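Numbering (full-length UniProt numbering), first residue to last: 1 to 243.
In structure tokens form, the structure reads like this:
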């Protein structure tokens, strides 16, 4: 019987961690790990990776410019794409405006004026692409709030989370238009994407394995009387991950 070989790549461990963080909306930590390791949990084409980085950096104008050639394609929903990007840009500008307003007395009046001008400009663009007047009115309502986080929908808002959500929103729109290199399927080629909460699954399996080992050791090393009393129902369960 041939010996089994286990290949453990550190970048796969990073991907497991990234998926765990993303599934729990811990995007600040997720992006920090990505920057430090250079690893992304996803199988993206080079163009999508570039687009993703523009979104995560908040380079909204560059995002729209990069995707502009796709507007000529009848099947590409440019209107929906622009609305998603401009909405996130608008919310970030509101945050900047609010911060400038809080520090206006300290000499940030110029920054406040600039932020207001940019907000007005983006609002005009949003009006053209908003799917309904009601949704546009909801965005306008944000202007009346002293702080963006006063709105229930934005109570836990932060730029990192919002930018990740923006990419998740626009990626399905561009996925088929920015494909990667076509390669024949290879069962031996390792995946570059962790899915289905894989890290938690592995931890559960590891704990179950240790529980089984402890049970078997108890059966094998105990006295005959002790072994006769040990059953899967009576043996204490090991449920500790850290010890």
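Cβ coordinates follow ideal geometry from the N, Cα and C atoms, glycine included. Owing to the predicted nature of the structure, the values given are computational and were not obtained by experimental measurement.
| Asked | Found |
| --- | --- |
| Using DSSP with H/G/I as helix, E/B as strand and the rest coil, what is residue 106? | Here the model assigns residue 106 a pLDDT of 48, short of 50, so the residue's position is not dependable and the matter cannot be decided. |
| For the 8 angstroms Cβ check, are there 3 or more pairs between the segment 141-160 and the segment 13-22? | no |
| Just to confirm, is the Cβ distance from residue 245 to residue 51 under 8 angstroms? | Residue 245 is absent from the model: the chain starts at 1 and stops at 243. |
| Is the beta carbon of residue 85 sitting closer than 8 angstroms to the one on residue 49? | no |
| Going by CA-CA distance only, name the one from 204, 174 and 60 that's closest to residue 75. | 174 |
| Look at residue 83 and residue 126 and say whether their C-beta atoms are less than 8 angstroms apart. | yes |
| Could you tell me whether the Cβ atoms of residue 141 and residue 118 are closer together than 8 angstroms? | no |
| Look up residue 36 in the DSSP assignment and say whether it is helix, strand or coil. | helix |
| The alpha helix (DSSP H) that contains residue 206, what's its start and end? | 198-221 |
| Does the Cβ of residue 97 have 16 or more other Cβ atoms within 10 Å, making it buried, or fewer, making it exposed? | buried |
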